[in-house]
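> Protein sequence lines correspond, in order, to chains F, B and U. Taking numbering that gives the first Met the number 0, the leading residue of the first sequence gets 0, the next gets one more, and so forth. Taking numbering that gives the first Met the number 0, the leading residue of the second sequence gets 0, the next gets one more, and so forth. Taking numbering that gives the first Met the number 0, the leading residue of the third sequence gets 0, the next gets one more, and so forth. Here a beta-carbon is modelled for each residue, glycine too, at the ideal position from N, C-alpha and C. No experiment lies behind these values; they were computed from the predicted model shown.
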Amino acid sequence: MKTPGESVVPAEAVSADVPASAAADPDVALMLRLQTGDETAFQDLFRKWSPRVLQYTRRFVGSDALAEELTQDVFVQVFRFRNRYRPQSRFATWLFTIATNLSLNELRRPERHLRVDLWEKTDADDRREGPPLPDPHAVTAEQGASTRELARRLEAAVGALPPKQRAALLLSRFDGLAYRDVAEALGCSEGAVKALLFRATQTLKRHLHEFS
Amino acid sequence: MKRRTTIALLLLALATPAAAQQWGGRPWQQLSPEEQQRAWENYQRYQQLPQQRQRMIERRYQQFQAMPPQEQQRLRQNYEAYRGFNPGQRREFTEKYRRWKSGR
Amino acid sequence: MRCGRAQEWMAAALDGELSPRRRRALDRHLTTCDVCRADFADTDRVLRSVAALPMEATVPTALEQATMRRVRVAAAEEIERPTRWGWWPLPVAVAAMASVALIAVGLVGRSGNVDTMPTATAPRVAGPVATAVPPAPPKRVARAEGRTPAPVPNEPPPQLANAPDLFMELPILRNMEKLEHFEAIRTTTLDDEPATPGGEEPPSNG
Numbered sequence: 000m001k002t003p004g005e006s007v008v009p010a011e012a013v014s015a016d017v018p019a020s021a022a023a024d025p026d027v028a029l030m031l032r033l034q035t036g037d038e039t040a041f042q043d044l045f046r047k048w049s050p051r052v053l054q055y056t057r058r059f060v061g062s063d064a065l066a067e068e069l070t071q072d073v074f075v076q077v078f079r080f081r082n083r084y085r086p087q088s089r090f091a092t093w094l095f096t097i098a099t100n101l102s103l104n105e106l107r108r109p110e111r112h113l114r115v116d117l118w119e120k121t122d123a124d125d126r127r128e129g130p131p132l133p134d135p136h137a138v139t140a141e142q143g144a145s146t147r148e149l150a151r152r153l154e155a156a157v158g159a160l161p162p163k164q165r166a167a168l169l170l171s172r173f174d175g176l177a178y179r180d181v182a183e184a185l186g187c188s189e190g191a192v193k194a195l196l197f198r199a200t201q202t203l204k205r206h207l208h209e210f211s
Numbered sequence: 000m001k002r003r004t005t006i007a008l009l010l011l012a013l014a015t016p017a018a019a020q021q022w023g024g025r026p027w028q029q030l031s032p033e034e035q036q037r038a039w040e041n042y043q044r045y046q047q048l049p050q051q052r053q054r055m056i057e058r059r060y061q062q063f064q065a066m067p068p069q070e071q072q073r074l075r076q077n078y079e080a081y082r083g084f085n086p087g088q089r090r091e092f093t094e095k096y097r098r099w100k101s102g103r
Numbered sequence: 000m001r002c003g004r005a006q007e008w009m010a011a012a013l014d015g016e017l018s019p020r021r022r023r024a025l026d027r028h029l030t031t032c033d034v035c036r037a038d039f040a041d042t043d044r045v046l047r048s049v050a051a052l053p054m055e056a057t058v059p060t061a062l063e064q065a066t067m068r069r070v071r072v073a074a075a076e077e078i079e080r081p082t083r084w085g086w087w088p089l090p091v092a093v094a095a096m097a098s099v100a101l102i103a104v105g106l107v108g109r110s111g112n113v114d115t116m117p118t119a120t121a122p123r124v125a126g127p128v129a130t131a132v133p134p135a136p137p138k139r140v141a142r143a144e145g146r147t148p149a150p151v152p153n154e155p156p157p158q159l160a161n162a163p164d165l166f167m168e169l170p171i172l173r174n175m176e177k178l179e180h181f182e183a184i185r186t187t188t189l190d191d192e193p194a195t196p197g198g199e200e201p202p203s204n205g
């Protein structure tokens, strides 16, 4: 179910202190460049990872606008904490630790409100207030009606899972994130990740059975 | 003599970098130059605190170390958020903290 | 093997996260238990269905632009006050030197030598942000002259060497209660004004 990692980073881009396993992660090279002051490295990381972070946070908070705010927050934290990143961890693990923390923080707030970007001219055409989950764009046009319905129900079921089960399930579906990476992102043990996934899959199976 | 040697060896073990394991966290050599500078400056501030406050901070550090990484990160992020406040927001936060504390 | 244990292991088995010994035990159980075999197929279907959900969203242009703006502001703030530990500012010589370095060179990089003065690490930001950083005001520079931060000793004191992270995290430890309950404090209202003297109602907002 999981695909192999990506191509090896050029040797000259990796410092001697970086473990061999981290050298296989091209994002490590980008982070090391960011740590030395390269803004383009940050842009590259943003363009590569923001689509996933946006989708991930959207599934947490159930609102496009709030997910966009959180995605901004995640990458601002990546920048602010750039010198805390250690290549011993995969970048994706570190990134989604931040995303999970911010998303869980958001869920804990007694009220949620949009933060106004004081430096941004509001452009109504460019900011869309999307529909709440499930996302109608999540399913391609080619899929049959029953498949679309399945996907819609699955999205709703995933969205109804307790936050940590949801996080464990979504993170473990990302290519290249092993259970130990998920455990690190969630701040728990691998055994706890297995337990979260067991409970999550049991719940989803019940939903699918009801549907079929 | 053997007992003295054993005790000496134990004391030596406590004084070595393995003592850092008692506190958790990284050894000094693993900090970057910037981090070492920051830790050194904070150490000097810490030295100026009354002993009671120093003990309190040590206790809090042990609590902090016992927290899951996610919770530690949350506190760091909250601190960074506070750092982003302008002076007016900081005054407001301080006032709200007093109000919140009095209501507990 | 009990069916309950087999069910607990199914997701991990499908993700390749089960040890070889446990995987063999599970496979043996599945050959003999129809219910668990069906359950295993269901688990497989669920996990594949979730994996097939779109994992990426379309990022609006405005989101990238807003993020880059915030990062550039954060970078500029780092240069203006490169480090603030606790609730008090560091010696401003660092801020002054960093600001001057940024304006003069256009790039502030990290020094690898522990004996040199630390400089702010900031990305090569676009021109408008660099020129927007104000020069350090003269009074700050004058005040800073007698207060350069002491260099890190080659042999740090044992307490520092044994627990450097304690001192790294000092600002957080000093303010732990505030940070633990940050959101609750932020959302505390200050609106409950006492009644005016004489028992009159305060003016209504609505």
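1. In chain F, what lies closer than 7 angstroms to B:Glu70 by C-beta?
2. My assumption, with CB atoms under 8 angstroms, is that U:Ala56 sits in contact with F:Leu53. Please give the rounded CB distance.
3. If you measure from the beta carbon of F:Leu176 to each beta carbon in chain U, is any gap under 8 angstroms?
4. Quick check on B:Phe84 - is its C-beta less than 8 angstroms from some C-beta in chain U?
5. How far does the alpha helix (DSSP H) with U:Leu17 in it extend, from its first residue to its last?
6. What are the residues in the segment 63-78 of chain U lying within 7 angstroms of chain B by C-beta distance?
7. Is it true that the CB of U:Glu77 sits closer than 8 angstroms to the CB of F:Thr177?
8. What separation, rounded to the nearest whole angstrom, lies between the Cα atoms of U:Ala61 and U:Arg68?
9. Measuring only the C-alpha atoms, how far is B:Arg82 from U:Asp164?
10. Tell me, to the nearest whole angstrom, how far the beta carbon of F:Thr200 is from that of U:Ala10; I am working on the premise that it is less than 8 angstroms.
11. Check F:His206 in the structure and name its three-state DSSP category.
12. Can you name the start and end residues of the alpha helix (DSSP H) that U:Thr188 belongs to?
13. Leaving out five residues before and five after F:Leu203 in sequence, what residues of the same chain have Cβ atoms less than 6 angstroms from its Cβ?
14. Less than 7 angstroms between C-beta atoms, sequence neighbours within five positions excluded: which residues of the same chain meet that for F:Ala98?
15. Interface residues of chain U around B:Ala38 at Cβ under 7 angstroms?
16. Please check the pair F:Leu168 and F:Leu160, which I expect to be a contact at CB under 8 angstroms, by giving their CB distance rounded to whole angstroms.
17. Taking only three categories from DSSP, how would you classify U:Glu168?
18. Excluding sequence positions up to five away, which residues of its chain have a Cβ less than 7 angstroms from the Cβ of U:Leu178?
19. According to DSSP, is F:Asp37 part of a helix, a strand, or is it coil?
20. Do you know how far the Cα of B:Arg90 is from the Cα of B:Pro32?
21. Under 8 angstroms between the Cβ atoms of U:Val72 and F:Phe78?
22. Less than 8 angstroms between the C-beta atoms of F:Gly186 and B:Pro86, yes or no?
23. Cβ closer than 7 angstroms: which chain U residues qualify as neighbours of F:Ala150?
24. Using the beta-carbon count (16 or more within 10 Å), is F:Pro86 buried or exposed?
25. Starting from the Cα of U:Ala74, find the closest Cα among F:Asp37, F:Val192, F:Ser171 and give me that residue.
26. Can you tell me whether DSSP reads F:Tyr84 as helix, strand or coil?
27. Beta carbons nearer than 7 angstroms to chain U: which residues of the segment 71-86 of chain F have them?
28. Counting along the chain, where does the alpha helix (DSSP H) carrying F:Cys187 start and finish?
29. Whole angstroms is fine: what's the gap from F:Asn82's alpha carbon to U:Met0's?
30. Taking only three categories from DSSP, how would you classify F:Glu105?
31. F:Thr96 touches chain B at which residues, Cβ-Cβ below 9 angstroms?
32. CA-CA distance, F:Leu170 and B:Glu79?
33. Would DSSP call U:Pro53 helix, strand or coil?
34. Whole-angstrom Cβ separation of F:Ala184 and F:Phe95, contact assumed at under 8 angstroms?
35. Count the other CB atoms, across all protein chains shown, that sit within 10 Å of the CB of B:Gln72; report buried if there are 16 or more and exposed otherwise.
With the given structure in hand:
1. Counted from its first residue, the second sequence places residue 70 of chain B at position 71. In chain order: Gly186.
2. Counted from its first residue, the third sequence places residue 56 of chain U at position 57. Counted from its first residue, the first sequence places residue 53 of chain F at position 54. Rounded, the Cβ-Cβ distance is 4 angstroms, consistent with contact.
3. Taking the first residue of the first sequence as 1, we reach residue 176 of chain F at position 177. So no, F:Leu176 is outside the interface.
4. The residue you call residue 84 of chain B lines up with position 85 of the second sequence. Not an interface residue.
5. Working through the third sequence from its first residue, we reach residue 17 of chain U at position 18. Run containing U:Leu17: none; DSSP gives neither H nor E here.
6. none
7. What you label residue 177 of chain F is simply residue 178 of the first sequence in a count that begins at 1. What you label residue 77 of chain U is simply residue 78 of the third sequence in a count that begins at 1. This sequence places Ala at residue 177 of chain F; Thr is not what is there. In this structure, U:Glu77 does not lie closer than 8 angstroms to F:Ala177 by Cβ.
8. Counting from 1 along the third sequence, the entry for residue 61 of chain U is found at position 62. Counting from 1 along the third sequence, the entry for residue 68 of chain U is found at position 69. Between U:Ala61 and U:Arg68, the C-alpha separation is close to 10 angstroms.
9. In the second sequence, counting from the first residue as 1, residue 82 of chain B sits at position 83. In the third sequence, counting from the first residue as 1, residue 164 of chain U sits at position 165. If you take the alpha carbons of B:Arg82 and U:Asp164, they lie about 20 angstroms apart.
10. Counting from 1 along the first sequence, the entry for residue 200 of chain F is found at position 201. Counting from 1 along the third sequence, the entry for residue 10 of chain U is found at position 11. So it is a contact: roughly 5 angstroms between Cβ atoms.
11. As a first step, residue 206 of chain F is located in the first sequence; it is residue number 207 there, counting from the start. Residue state, collapsed to three classes: helix.
12. Working through the third sequence from its first residue, we reach residue 188 of chain U at position 189. Premise fails: U:Thr188 is in no alpha helix (DSSP H) and is neither H nor E.
13. On the first sequence, residue 203 of chain F is found 204 positions in, with the first residue counted as 1. Result list for F:Leu203: Ala156, in chain order.
14. Sequence index remark: in the first sequence, residue 98 of chain F carries index 99 (1-based). Within the same chain, F:Ala98 has close Cβ partners Val52, Tyr55, Thr56, Val73.
15. Translated into positions along the second sequence, residue 38 of chain B becomes position 39. Here the neighbours are Leu159, Pro163, Phe166, Met167.
16. Position 169 of the first sequence, counting from 1, holds the residue named residue 168 of chain F. Position 161 of the first sequence, counting from 1, holds the residue named residue 160 of chain F. Yes, F:Leu168 and F:Leu160 are in contact; Cβ-Cβ is about 7 angstroms, under 8 angstroms.
17. For the purposes of this step, residue 168 of chain U is taken as the residue at position 169 of the third sequence. Looking at U:Glu168 - three-state DSSP - the assignment turns out to be coil, as it is neither helix nor strand.
18. The residue you call residue 178 of chain U lines up with position 179 of the third sequence. Once the five neighbours on either side are set aside, the close Cβ partners of U:Leu178 are Ile171.
19. Locating residue 37 of chain F in the first sequence gives position 38, counting from the first residue. DSSP places F:Asp37 in coil when its eight states are reduced to three.
20. By 1-based counting over the second sequence, the position of residue 32 of chain B is 33. By 1-based counting over the second sequence, the position of residue 90 of chain B is 91. Cα-Cα distance, rounded: 33 angstroms.
21. Translated into positions along the third sequence, residue 72 of chain U becomes position 73. Translated into positions along the first sequence, residue 78 of chain F becomes position 79. Going by C-beta atoms, U:Val72 is not nearer than 8 angstroms to F:Phe78.
22. Looking up residue 186 of chain F in the first sequence gives position 187. Looking up residue 86 of chain B in the second sequence gives position 87. In this structure, B:Pro86 does not lie closer than 8 angstroms to F:Gly186 by Cβ.
23. Indexing the first sequence from 1 puts residue 150 of chain F at position 151. Residues of chain U passing the Cβ test: Leu52.
24. For this step, residue 86 of chain F is matched to residue 87 along the first sequence. Buried, since its Cβ has 16 or more Cβ neighbours within 10 Å.
25. Looking up residue 74 of chain U in the third sequence gives position 75. Residue F:Asp37 is the option with its Cα nearest to U:Ala74.
26. Counting from 1 along the first sequence, the entry for residue 84 of chain F is found at position 85. Reduced to three states, the DSSP call for F:Tyr84 is coil.
27. Gln71, Phe74, Val75, Phe78, Arg79, Asn82
28. In the first sequence, the residue the question calls residue 187 of chain F occupies position 188. Taken as a continuous stretch (DSSP letters only), F:Cys187 belongs to no alpha helix (DSSP H), as it is neither H nor E.
29. In the first sequence, the residue the question calls residue 82 of chain F occupies position 83. In the third sequence, the residue the question calls residue 0 of chain U occupies position 1. Each residue's alpha carbon lies about 48 angstroms from the other.
30. Position 106 of the first sequence holds residue 105 of chain F. Reduced to three states, the DSSP call for F:Glu105 is helix.
31. Start at 1 with the first residue of the first sequence, and residue 96 of chain F comes out as number 97. Within chain B, the residues near F:Thr96 are Pro68, Gln69, Gln72.
32. Indexing the first sequence from 1 puts residue 170 of chain F at position 171. Indexing the second sequence from 1 puts residue 79 of chain B at position 80. Going by the C-alpha atoms only, they are around 26 angstroms apart.
33. The sequence position of residue 53 of chain U within the third sequence is 54, counting from 1. DSSP places U:Pro53 in coil when its eight states are reduced to three.
34. By 1-based counting over the first sequence, the position of residue 184 of chain F is 185. By 1-based counting over the first sequence, the position of residue 95 of chain F is 96. With 8 angstroms as the limit, F:Ala184 and F:Phe95 qualify as a contact, their Cβ atoms being about 5 angstroms apart.
35. On the second sequence, position 73 is the one that residue 72 of chain B refers to. That one is buried.
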